[in-house]
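What follows is a set of notes on a single structure, which appears directly below.
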Amino acid sequence: MPGVIGLIDGSLFPIKAPSGPTEPAYVCRKGYHAINVQAIGDQNMVTRHLLAKWPGSTHDSFIFNTSDINAYLTEGRGSGWLLGDSGYPLKPYLMTPVMNEFTEAERRYNVAHKRCRSRQERLYGIWKGRWRCHDMSGGYLQYSPERAVMFVKATAVLQNICRIANLPDPKDVPAIVEDEEEGHDGIHDGAQTGRTARNNLIAHYFR
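Using our numbering, the first residue of the sequence shown is number 722, and each one after it goes up by one.
So, in structure tokens, the structure goes:
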């Protein structure tokens with residue numbers, strides 16, 4: 722996929738139920754308490770941007786729209802685009818899948834898009850496989866959300882060190898299959914210019 726500057730996705734990191742009035746906000750769509758972590762990885766599965774602070778019920782698109790990376794790219798300071806799933810808003814700098822493909826070119830684009838994005842899912846799988854406290858198969862962090870976020874950030878740094886040092890990946894990597902949230906191919910700021918950019922990409926490289 723040409724012009725890709727990063728692969729973006731959100732993933733749920735389980736935590737114990739926090740006390741206080743904010744507790745319901747941490748219940749994710751899968752029914753457990755979590756932090757919704759947004760990470761942008763590169764082709765080598767190294768995390769280049771991390772945002773870990775939002776409760777598990779927070780929508781991926783909201784996290785992105787309020788992020789500093791969105792503000793940076795909105796100002797036209799990027800030189801390509803991110804790849805995200807259909808839970809993200811289509812923008813000139815964020816390419817999402819074609820939700821209702823009609824042409825062979827759109828199908829080829831979707832296949833390439835999914836293949837590229839699978840590396841970000843693999844990134845999360847390796848990360849959670851090495852530190853099982855981040856995966857439900859290994860339990861969950863017995864700390865407040867604020868302390869749990871510190872663990873997420875620390876293990877993200879350690880995971881990058883492992884990737885850069887070419888250390889072996891853990892043998893048992895959990896399959897990270899995040900349900901895609903409601904699509905955002907419709908009307909929102911940047912949708913029309915995003916569709917134009919995506920159509921141009923498909924026309925140039927996938928026909």
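Beta carbons: idealized from backbone N, C-alpha and C, even for Gly.
- Within a 10 Å sphere around the beta-carbon of residue 866 sit 16 or more other beta-carbons, which makes this residue buried.
- The criterion of a C-beta distance shorter than 8 Å is satisfied by residue 756 and residue 873.
- Annotation for residue 750: no beta strand (DSSP E) segment contains it, and DSSP assigns it neither H nor E.
- In this structure, the straight-line span from the alpha carbon of residue 750 to that of residue 729 is close to 19 Å.
- Residue 776 sits buried, since 16 or more C-beta atoms from the chains shown fall within 10 Å of its C-beta.
- Residue pairing from DSSP places residue 812 in a beta bridge opposite 815.
- When DSSP reads this structure, residue 730 sits in a beta bridge with 760.
- Relative to residue 836, the option among 821, 859, 805 whose CA is nearest is 805.
- Non-local C-beta neighbours of residue 858 in its own chain, meaning closer than 7 Å and more than five positions away in sequence, comprise 895, ordered along the chain.
- The residues 923, 927, in chain order, have a CB closer than 6 Å to that of residue 830 in the same chain once the five nearest residues on each side in sequence are set aside.
- Contact between residue 778 and residue 748 holds, with the beta-carbon distance rounding to 6 Å and staying under 8 Å.
- In the DSSP assignment, the residues bridged to residue 770 are 761.
- Of the candidates 734, 803, 888, 884, the residue whose Cα lies closest to the Cα of residue 919 is 803.
- The beta carbon of residue 856 is closer than 6 Å to those of 849, 895 in its chain, skipping five residues each way along the sequence.
- For a cut-off of 8 Å, the C-beta gap from residue 813 to residue 741 is around 40 Å, too long to register as a contact.
- When only Cα atoms are considered, residue 877 and residue 768 end up about 7 Å apart.
- In the same chain as residue 770, and ignoring 5 residues on each side of it, the C-beta atoms closer than 6 Å to its own belong to 761, 790, in chain order.
- Residue state for residue 735 is assigned as strand, using DSSP reduced to three classes.
- DSSP places residue 862 in the strand class (E or B) of the three-state scheme.
- For residue 804, the uninterrupted beta strand (DSSP E) run begins and ends at 802 to 804, by DSSP.
- According to the DSSP secondary-structure assignment, residue 775 is paired through a beta bridge with 757.
- Distance from the CA of residue 785 to the CA of residue 885, rounded to the nearest whole angstrom, comes to 26 Å.
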